[in-house]
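Student:
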Amino acid sequence: MALRIAPGADVDEASLENRFGVSRTPVREALIRLASDGLIRLLPNRGARVTEIDISELPEIFAALDLCQRVTIRLAALRRNADDLANLRKFNASFLEAAQLGDHERMGEHNKEFHAAIADACRNRYFAGLYTSLLAISLRLARVVFAYAPMSGEPAEQYYLEIVRQHGEMIHAIETSDVEKADMLARTHTDLFRDRIARYINANPDRGIVLESIA
Numbered sequence: 000m001a002l003r004i005a006p007g008a009d010v011d012e013a014s015l016e017n018r019f020g021v022s023r024t025p026v027r028e029a030l031i032r033l034a035s036d037g038l039i040r041l042l043p044n045r046g047a048r049v050t051e052i053d054i055s056e057l058p059e060i061f062a063a064l065d066l067c068q069r070v071t072i073r074l075a076a077l078r079r080n081a082d083d084l085a086n087l088r089k090f091n092a093s094f095l096e097a098a099q100l101g102d103h104e105r106m107g108e109h110n111k112e113f114h115a116a117i118a119d120a121c122r123n124r125y126f127a128g129l130y131t132s133l134l135a136i137s138l139r140l141a142r143v144v145f146a147y148a149p150m151s152g153e154p155a156e157q158y159y160l161e162i163v164r165q166h167g168e169m170i171h172a173i174e175t176s177d178v179e180k181a182d183m184l185a186r187t188h189t190d191l192f193r194d195r196i197a198r199y200i201n202a203n204p205d206r207g208i209v210l211e212s213i214a
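Residue numbers (numbering that gives the first Met the number 0): 0 to 214.
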């Protein structure tokens, strides 16, 4: 997710065994888990490869993210407990701290933790599993954008503060069991992310990934 291994790069199982001092079995189990999250592809008789990021798939990704995020937060608003709310507040505060430091990698980690906490609060392992997989894909996409075009200065601060503000409203809607407000906020949150990605893609035709629209 942090792009330390580039999309499309081969993953050598033997080197992972040596690096972590483990046998082939736990390495294979880890690769299977990564494959289930859409982060790598297991190739017959050829090992594993980091999944490429296909820009043409963005409309489908955002459609799935929008719907799954709405369903998940609606259930969270009905089923959350005190621990869920505490975790949401903690991860949102951690995201803000990382944003103030300009640490994009930690921001991605804490943002994933925040949304994973919503998934936990929905108390449905099937929705939670799907939502977590979509988060892995979307946050990896965000890392690509920030790696090529990191935001700095006032526009960046406004964007990150808006994320924190929306997170806060989502927490409040979940806490007060306001299902319809939670649904609306989930859509707004997806739109914020989608618009950021669209602005980058459409502003960088030299990278060969222009899209007329990903709405």
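The beta carbon of each residue, even a glycine, is placed where N, CA and C say it ideally should be.
This structure is a prediction, so every number in the text was calculated from the model and none was measured.
What are the boundary residues of the alpha helix (DSSP H) that L42 is part of?
Tutor: It is not in any alpha helix (DSSP H) - L42 instead sits in the beta strand (DSSP E) that spans I39 to L42.
Student: Report the CB separation of N91 from H171 in whole angstroms; it is logged as a contact under 8 Å.
Tutor: The Cβ separation is near 11 Å, so there is no contact.
Student: Starting from the Cα of R88, find the closest Cα among R105, R164 and L38 and give me that residue.
Tutor: Ranking the options by Cα distance to R88, first place goes to R164.
Student: Do L133 and A63 have their beta-carbon atoms positioned less than 8 Å apart in this structure?
Tutor: Cβ atoms of A63 and L133: closer than 8 Å.
Student: If you run the structure through DSSP and keep just helix, strand and coil, what is V21?
Tutor: Looking at V21 - three-state DSSP - the assignment turns out to be coil, as it is neither helix nor strand.
Student: Report buried or exposed for G20, applying the criterion of at least 16 other Cβ atoms within 10 angstroms of its Cβ.
Tutor: With fewer than 16 other Cβ atoms within 10 Å, it is exposed.
Student: Is DSSP giving A148 helix, strand or coil here?
Tutor: Model confidence at A148 stands at a pLDDT of 48, short of 50, so the residue's coordinates are unreliable; what they give is reported in the following sentence. Of the three classes helix, strand and coil, the one that applies to A148 here is coil, per DSSP.
Student: Is it the case that the segment 45-63 contacts the segment 102-118, given that we only count it when at least three CB pairs across the two stretches are under 8 Å?
Tutor: The segment 102-118 vs the segment 45-63: no contact.
Student: List the DSSP bridge partners of A47.
Tutor: Looking at the DSSP assignment, A47 forms a beta bridge with V10 and L41.
Student: State the DSSP-derived secondary structure class of F54, mapped to helix, strand or coil.
Tutor: As written in the sequence, residue 54 is Ile, which differs from the Phe given in the question. In the structure shown, I54 sits in a helix (DSSP, three-state: H, G or I).
Student: Have a look at M169 and A181 and give me their C-alpha separation to the nearest angstrom.
Tutor: Between M169 and A181, the C-alpha separation is close to 6 Å.
Student: In its own chain, which residues sit with a C-beta less than 7 Å from the C-beta of L95, not counting the 5 before and 5 after it?
Tutor: Excluding positions up to five away in sequence, the list reads V163.
Student: Assign G107 to one of two classes, buried (16 or more other C-beta atoms within 10 Å of its C-beta) or exposed (fewer than that).
Tutor: Label assigned to G107: buried.
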